[in-house]
Amino acid sequence: MSNTFINMQICNPNLCEGCLPRNIPANFNVADTGICGKCGELNEVWDLDLLDLYRSKGLSDDEIWKNYPRLRLSVNNVLSIQMVKQLFEKRL
Ligand SMILES: [Zn+2]
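Taking numbering that gives the first Met the number 0, the leading residue of the sequence shown gets 0, the next gets one more, and so forth.
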């Protein structure tokens, strides 16, 4: 098990609809199935920092949904921000 994986388990960035800050709209296009880092439930969750990174690159929600992983920590994936940045370098 890599250090990244362990860190991600400790700092799970995912938030479910009930745990999202009130000023953040729940946009299900950019949610994916994962464990909420706050309440621990398996649900549709958002990784807000990852979405901010995508938006900072000028991607629309539709482009994110079609082309990019929506969570760093999903049921199938563990990605670091560095890995996502490498993904961009390959595609852009
Ligand atoms: Zn939650």
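The beta carbon of each residue, even a glycine, is placed where N, CA and C say it ideally should be. The structure displayed is predicted, hence computed values, not measured ones.
* Just tell me which of C15, K65, V77, R71 has its CA closest to the CA of C38. => For C38, the closest of C15, K65, V77, R71 by C-alpha to C-alpha distance is C15.
* Asked: In the DSSP assignment, what are the bridge partners of I34?
  -> L41
* Which residues share a DSSP beta bridge with C15? -> V44
* Using 10 angstroms around the beta-carbon of L49, count the other beta-carbons present and answer buried if the total reaches 16, otherwise exposed. => A residue is called buried once 16 or more other Cβ atoms fall within 10 Å of its Cβ, and L49 is buried on that count.
* Asked: Three or more beta-carbon pairs under 8 Å between the region 68–76 and the region 22–35, yes or no?
  -> yes
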